Amino acid sequence: MSVETNYTEAFEELQNIVTEIEEGEISVDELSEKVKRAATLIKICKAKLTTTEEDVNQILKELEEPTSE
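The sequence shown begins at 0 in numbering that gives the first Met the number 0 and counts up one residue at a time.
This is the structure we're talking about:
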């Protein structure tokens, strides 16, 4: 995976980890690492969603401003 994981990649990997945990496909030894990785992926997703929300809000604010002619 690339150094900078995008939202889709992070979300898909997170889904895979959850599935592995739910189905018991990982050992107890791997569980800690999977949980740590999941926490990192959640942070990536949250940061991207926050950035996207800020971008959208800024665009909407700019659209609401009266244009001077």
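Heads up, the beta-carbon is just placed ideally off N, CA and C, and yes, glycines get one too. The model shown is predicted, which means the values in this text are computed figures rather than measured ones.
Within 10 angstroms of its Cβ, does residue i collect 16 or more other Cβ (buried), or is it exposed?
i     : result
Ile43 : buried
Leu40 : buried
Ala9  : buried
Since residue i and residue j are thought to touch, with beta carbons under 8 Å apart, how far apart are those beta carbons, to the nearest angstrom?
i     : j     : result
Glu19 : Lys35 : Not a contact, Cβ separation roughly 14 Å.
Just to confirm, is the Cβ distance from residue i to residue j under 9 Å?
i     : j     : result
Ala37 : Val55 : no
Lys47 : Asn5  : yes
Classify residue i as helix, strand or coil using the three-state DSSP reduction.
i     : result
Thr7  : helix
Ile25 : coil
Ser1  : Unreliable positioning characterises Ser1 in this predicted model, as indicated by a pLDDT of 43, which lies under 50. A coordinate reading is not provided.
Glu64 : coil
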